[in-house]
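Undergrad: Mind looking over this structure? Questions follow.
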Amino acid sequence: MGIRKYDFGELEGQGVEAYEIEAGSLRARVVTYGAILSELHVPDRAGNPADIVLGYDDLPSYLRYRGSAGAICGRYANRIARAQFSLDGETHSLSVNEPPNHIHGGFKGFNKRVWTAEPDSEGNAVRLTLERPDGDEGYPGRVNASVTYRLTDEPALEITMEAVTDRPTVINMVNHGYWNLAGHGSGSIRDQHLLIDADHYTPVGPGKIPTGEIAPVAGTAFDFRRERPIGAFIDDTSQLPEAGYDHNFCLNGQRGALRRAARAVDPSSGRGLEIWTDQPGVQFYTANHFEALPATGKGGARYGKHAGFALETQVYPNSPNEPHFPSAVLRPGMTYRHVMRIPFFSL
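Each residue of the sequence shown is one higher than the last, beginning at 11 in my numbering.
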């Protein structure tokens, strides 16, 4: 099919590019700003394609609206309490961009940088690379990071994130895509169904920082071990004060082994997906921020609260400060590798 490249604007003197990839029934668009997956067209049960990821038509909109739609977040995605952590006896102070905490790599994390793209027409893929210096946003070590988006005929989307460092540091890269299986502009995802392969989750306290507890999901609003509507308990503010989810689930199975993390289905269109990963956790987020800050998305679509859901496979939030959580430490000579495999199906 080939890969089509076109200009997507300019940021601080750097050109931003977009790349379109096709394979079988899938078509995607990747933008070098934030290494964003900005479009993904997938057929429904009748073979009709729809774009099922939230995003924007132009660079100014990506700069204007918060939420990191479709971006690769890092160096450490999610939250680090008090914007600091200790490693090998040294305390590192990070940028405080969600006071008093740190989130998604800081004020100009990976999601707000322009990456360098290397298209691979033969493999139906685009590889993006980014280098960040020692001390960037307070993190130790120079890091070379990459992400590869690949479409397969199955049909499936494969996302592979890698990083190396020249000094001990912490790494937790995630894809922050928002899914809406009925189509990105179709409204609320409350009636779409979700299953998460997790017997436990990490409860949160002030600032959505994990308390350190690893709690069972049984008997709570966090029990998605059997497929059910996302909105089944979403208005239970005794468990979900925001009337929405923004929580880490502790995935069953062994870290490092590729296994299913989640399955989602839209009953109206029959469109479905699974998320497979080698990571220990997944952050389930129902785009709650769009309630106070609605956005105008692609084609003029209005994004309000619950316009999409994110399933960010990851190391647990605040792992650098919780010794019993899975480690996020990366040392020289090691390669951080994070695989997501997303097969699509229709019912």
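Even glycine gets a Cβ: it sits at the ideal position worked out from N, Cα and C.
1. Taking the alpha-carbon of R137 as reference, which of R312, Y75 and I46 has the nearest alpha-carbon?
2. Just grab the DSSP bridge partners of Y15 for me.
3. Helix, strand or coil: how does DSSP classify G282 here?
4. Specify whether the stretch 190-204 and the stretch 229-248 touch according to this definition: at least 3 beta carbon pairs, one from each stretch, less than 8 Å apart.
5. Any idea if F117 is buried or exposed, counting beta-carbon neighbours within 10 angstroms, 16 or more meaning buried?
6. Using only CA atoms, which one of Y149, P129 and G133 lies nearest to G115?
7. My parser needs the beta strand (DSSP E) runs of 3 or more residues fully inside the stretch 146-218; what are they?
8. Does G25 pass the burial test, meaning 16 or more other C-beta atoms within 10 Å, or should it be called exposed?
9. Which one of A208, D245 and K218 has the shortest CA to CA distance from F234?
10. Would you report the Cα separation of A338 and I62, rounded to the nearest angstrom?
11. Could you tell me whether the stretch 338-351 touches the stretch 37-56, where touching means 3 or more Cβ pairs closer than 8 Å?
12. Quickly, what does DSSP pair N258 with across the bridge? List them, please.
13. What are the residues that DSSP puts in a beta bridge with H51?
14. For the candidate residues W286, G12 and A297, whose alpha-carbon lies nearest to that of R269?
15. Got a sec, what are the start and stop residues for the alpha helix (DSSP H) P70 sits in?
16. Using a threshold of 9 Å, state whether the C-beta atoms of F300 and A317 are closer than that.
17. Check whether the Cβ atoms of F95 and V180 sit closer than 9 Å, and answer yes or no.
18. Check this for me: beta carbons of P220 and Y326, under 9 Å apart or not?
19. With three or more beta-carbon pairs closer than 8 Å as the criterion, would you say the stretch 78-85 touches the stretch 119-134?
20. CA-CA distance, V275 and G99?
21. Assign S131 to one of two classes, buried (16 or more other C-beta atoms within 10 Å of its C-beta) or exposed (fewer than that).
22. Taking T139 as part of the beta strand (DSSP E), name the residues at either end of that continuous run.
23. For H112, does the three-state DSSP call read helix, strand or coil?
24. Considering only residues of the same chain and omitting the five flanking positions on each side of A305, which have a CB-CB separation below 6 Å?
25. Taking buried to mean at least 16 other C-beta atoms within 10 Å of its own C-beta, is T101 buried or exposed?
26. Whose C-alpha, out of A87, S329 and L104, is nearest the C-alpha of A93?
27. Are the beta-carbon atoms belonging to Y358 and A60 less than 9 Å from one another?
28. Whole angstroms are fine: how far does the CA of I90 sit from the CA of P330?
29. Who are I90's beta bridge partners in DSSP?
30. Could you tell me how far apart the beta carbons of G193 and R55 are, in whole angstroms, since I believe they sit closer than 8 Å?
31. Count the other CB atoms within 10 Å of the CB of Y16; is the residue buried (16 or more) or exposed (fewer)?
32. Pull up the DSSP beta-bridge partners for L357, would you.
TA: For this structure:
1. Residue mapping note: residue 137 aligns to position 127 of the sequence shown, counting from 1. Among R312, Y75 and I46, the Cα nearest to that of R137 belongs to I46.
2. Residue numbering aside, residue 15 sits at position 5 when the sequence shown is read from its first letter. For clarity, residue 15 is Lys in the given sequence; the question names Tyr instead. Beta-bridge pairing links K15 to Y29.
3. Indexing the sequence shown from 1 puts residue 282 at position 272. Residue state for G282 is assigned as strand, using DSSP reduced to three classes.
4. Three or more pairs of CB atoms, one per stretch, sit closer than 8 Å, so the stretch 190-204 contacts the stretch 229-248.
5. Indexing the sequence shown from 1 puts residue 117 at position 107. F117 sits exposed, since fewer than 16 C-beta atoms from the chains shown fall within 10 Å of its C-beta.
6. To locate residue 115, count along the sequence shown from 1; it is residue 105. The residue with the shortest Cα to Cα distance from G115 is Y149.
7. DSSP runs (the beta strand (DSSP E)) wholly in the stretch 146-218: 153-162, 166-175, 184-186, 203-206 and 208-212.
8. Start at 1 with the first residue of the sequence shown, and residue 25 comes out as number 15. Label assigned to G25: exposed.
9. Position 224 of the sequence shown, counted from the first residue, corresponds to residue 234. Checking every option, the nearest Cα to that of F234 belongs to A208.
10. Start at 1 with the first residue of the sequence shown, and residue 338 comes out as number 328. Start at 1 with the first residue of the sequence shown, and residue 62 comes out as number 52. So the alpha carbons of these two residues sit roughly 31 Å apart.
11. no
12. Start at 1 with the first residue of the sequence shown, and residue 258 comes out as number 248. The partner list for N258 (beta bridge, DSSP) reads T212 and Q293.
13. Position 41 of the sequence shown, counting from 1, holds the residue named residue 51. Partner(s): R37 and D61.
14. Here the question's residue 269 lines up with position 259 in the sequence shown. The option with the nearest alpha carbon to R269 is W286.
15. Here the question's residue 70 lines up with position 60 in the sequence shown. Segment L69 to R74, the alpha helix (DSSP H) holding P70.
16. One-based indexing of the sequence shown puts residue 300 at position 290. One-based indexing of the sequence shown puts residue 317 at position 307. Taking 9 Å as the Cβ cut-off, F300 and A317 qualify as a contacting pair.
17. Stepping through the sequence shown from its first residue, residue 95 is reached at position 85. Stepping through the sequence shown from its first residue, residue 180 is reached at position 170. Cβ atoms of F95 and V180: closer than 9 Å.
18. Here the question's residue 220 lines up with position 210 in the sequence shown. Here the question's residue 326 lines up with position 316 in the sequence shown. For P220 and Y326, yes; Cβs fall inside 9 Å.
19. These segments touch.
20. In the sequence shown, the residue the question calls residue 275 occupies position 265. In the sequence shown, the residue the question calls residue 99 occupies position 89. The alpha-carbon atoms of V275 and G99 are separated by roughly 46 Å.
21. For the purposes of this step, residue 131 is identified with residue 121 of the sequence shown, where counting begins at 1. Answer is exposed; the Cβ neighbour count stays below 16.
22. Residue mapping note: residue 139 aligns to position 129 of the sequence shown, counting from 1. It spans A135 to R142 - the beta strand (DSSP E) in which T139 sits, taken as one unbroken run.
23. Indexing the sequence shown from 1 puts residue 112 at position 102. Assignment of H112 by DSSP, reduced to helix, strand and coil, places it in the strand class.
24. Residue 305 sits at position 295 when you count from the first residue of the sequence shown. Answer for A305: Y75 and Y313, listed in chain order.
25. Locating residue 101 in the sequence shown gives position 91, where the first residue counts as 1. T101 comes out exposed.
26. Counting from 1 along the sequence shown, the entry for residue 93 is found at position 83. Cα-wise, what sits closest to A93 is L104.
27. Since the displayed the chain opens at 11 and closes at 357, residue 358 lies outside it and no answer follows.
28. Here residue 330 refers to the residue found at position 320 of the sequence shown. Here residue 90 refers to the residue found at position 80 of the sequence shown. Roughly 7 Å separates the two Cα atoms.
29. Reading the sequence shown from its first residue, position 80 is the one you call residue 90. As a beta-bridge residue in DSSP terms, I90 pairs with H112.
30. One-based indexing of the sequence shown puts residue 193 at position 183. One-based indexing of the sequence shown puts residue 55 at position 45. The pair is not a contact, with the Cβ atoms about 14 Å apart (cut-off 8 Å).
31. Residue numbering aside, residue 16 sits at position 6 when the sequence shown is read from its first letter. Exposed.
32. Here residue 357 refers to the residue found at position 347 of the sequence shown. For L357, which the question treats as bridged, DSSP gives no partner whatsoever.
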